[in-house]
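Worksheet: the structure to be examined is printed underneath.
In our numbering, the protein residues as written are 3 to 124.
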């Protein structure tokens with residue numbers, strides 16, 4: 003059975019990420035700890051294309067989290083930024099990339115939909 007974290011990373015490359023530009027380019031390594039081991043995923047963002055691969059090295063930025071915490075983020079049950087502010091996840095590296103990465107996660111149910119530049123005000 004595939005868990006929420008695995009499904010999240012596997013699905014990243016299936017759709018072009020709307021609104022990502024050259025400003026958002028870079029790589030982020032995710033170190034996800036659980037059951038006595040650490041899974042590593044390297045997410046690359048380039049020209050709106052997002053790919054994810056299992057890779058233990060590299061990254062312009064690094065996110066470290068426990069699998070249970072990351073599963074909640076991946077399912078849209080918790081906000082990425084909130085988990086960082088609570089100390090449930092750690093980040094290291096480019097703040098610009100963290101602002102980009104948070105756009106890749108689903109929003110928790112009942113949260114306000116995100117507004118995108120060019121959305122109609124009416």
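Glycine included, every Cβ here is placed at the ideal spot set by N, Cα and C. This structure is a prediction, so every number in the text was calculated from the model and none was measured.
Given residue i as reference, the closest of the options once Cα atoms are compared
i: residue 32; options: 77, 109, 91; result: 91
i: residue 29; options: 39, 16, 36, 49; result: 49
i: residue 104; options: 63, 69, 68, 70; result: 63
i: residue 52; options: 96, 26, 85; result: 26
i: residue 85; options: 69, 95, 98; result: 69
i: residue 106; options: 87, 40, 83; result: 83
i: residue 5; options: 72, 61, 80; result: 72
Assigned secondary structure, residue i (DSSP; H/G/I helix, E/B strand, else coil)
i: residue 49; result: coil
i: residue 85; result: helix
CA-to-CA distance, residue j to residue i, given in whole angstroms
i: residue 44; j: residue 108; result: 19 Å
i: residue 66; j: residue 16; result: 24 Å
i: residue 102; j: residue 59; result: 20 Å
i: residue 75; j: residue 8; result: 12 Å
For residue i: DSSP bridge partner residues
i: residue 2; result: In the structure as shown, the chain begins at 3 and stops at 124. Residue 2 is therefore absent and cannot be evaluated.
Cβ neighbours of residue i in the same chain (closer than 6 Å, five flanking residues each side left out)
i: residue 46; result: 29, 53
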